[in-house]
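Numbering (our numbering), first residue to last: 2 to 116. Each remark here refers to the structure printed beneath this line.
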Ligand code: 5GP
Ligand code: ZN
C-alpha cells in the first residue's frame, strides 16, 4: 500500500494536515516535529506508506540512503555542526506514529551514548 488513508503522516504528505515543510522531493518530505525535543527537530519521511523499518524491502534501499543525504543537507542548511538521527521502531522502540520516520535532532549538546 503506498498510502494509508488513516495514517497521520500520509495526511501530512497529502497536505490534508498542515506542517512546516523543510525539504521535499518526489520521494521524501521533511518537516518540523510538532513537539520538538531539541532546538532543531525535523522528521524525514518517505512519501510512500511504510509502517516500520521492518517493512523495508531491498527496493527501498535507495530511498533510505537518500533520507540520510537529506539529513546531511538539512544539518548544513540549519548550521548544525553536530546532530543525531533516530528511527524508533515498534512499541518497544518507542514508535508512536506507524509511518517510517527519521528524527533529526540538533542545536543543543547531546549526551554521549544513548540513555
Ligand atoms: P515516534 O515516537 O513515532 O518516533 O515519533 C513521532 C513524532 O511525531 C513525535 O516526535 C511527535 O512529536 C511527532 N508528531 C506527532 N503528531 C505530529 C503532527 O501532527 N505534526 C508534526 N509535525 N509532528 C507530529
Ligand atoms: Zn503513512
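Think of the CB as a built atom: it goes at the ideal place given N, C-alpha and C, for glycine as much as any other residue.
Return yes when the C-beta of residue i is under 7 Å from any heavy atom of ligand 2, and no when it is not.
i: residue 32; result: no
i: residue 69; result: no
Identify, in the order they occur along the chain, each residue of the same chain with its Cβ nearer than 7 Å to the Cβ of residue i, setting aside the five sequence neighbours on each side.
i: residue 108; result: 39, 40, 41 and 81
i: residue 96; result: 53, 89 and 90
i: residue 72; result: 45, 86, 103 and 105
Is residue i near ligand 3 - that is, is its Cβ less than 7 Å away from at least one heavy atom of it?
i: residue 20; result: With respect to small molecules bound, the structure shown includes ligand 1 and ligand 2 and not ligand 3.
Rounded to whole angstroms, what's the CA-CA distance from residue i to residue j? Just pull it up for me.
i: residue 18; j: residue 9; result: 8 Å
i: residue 101; j: residue 111; result: 23 Å
i: residue 66; j: residue 21; result: 23 Å
i: residue 99; j: residue 64; result: 18 Å
i: residue 86; j: residue 34; result: 13 Å
i: residue 70; j: residue 93; result: 27 Å
i: residue 48; j: residue 68; result: 11 Å
i: residue 25; j: residue 31; result: 6 Å
Excluding the 5 residues flanking residue i on each side, which residues of the same chain have their C-beta closer than 6 Å to its C-beta?
i: residue 76; result: 84
Can you tell me whether residue i sits near ligand 1, meaning its C-beta is under 7 Å from at least one heavy atom of the ligand?
i: residue 89; result: yes
i: residue 97; result: yes
Minimum length 3: unbroken beta strand (DSSP E) runs contained in the region 37-74: 41-47
Pocket of ligand 2 (residues with CB nearer than 5 Å to any heavy atom), chain order: 5, 8, 10, 11, 50 and 100
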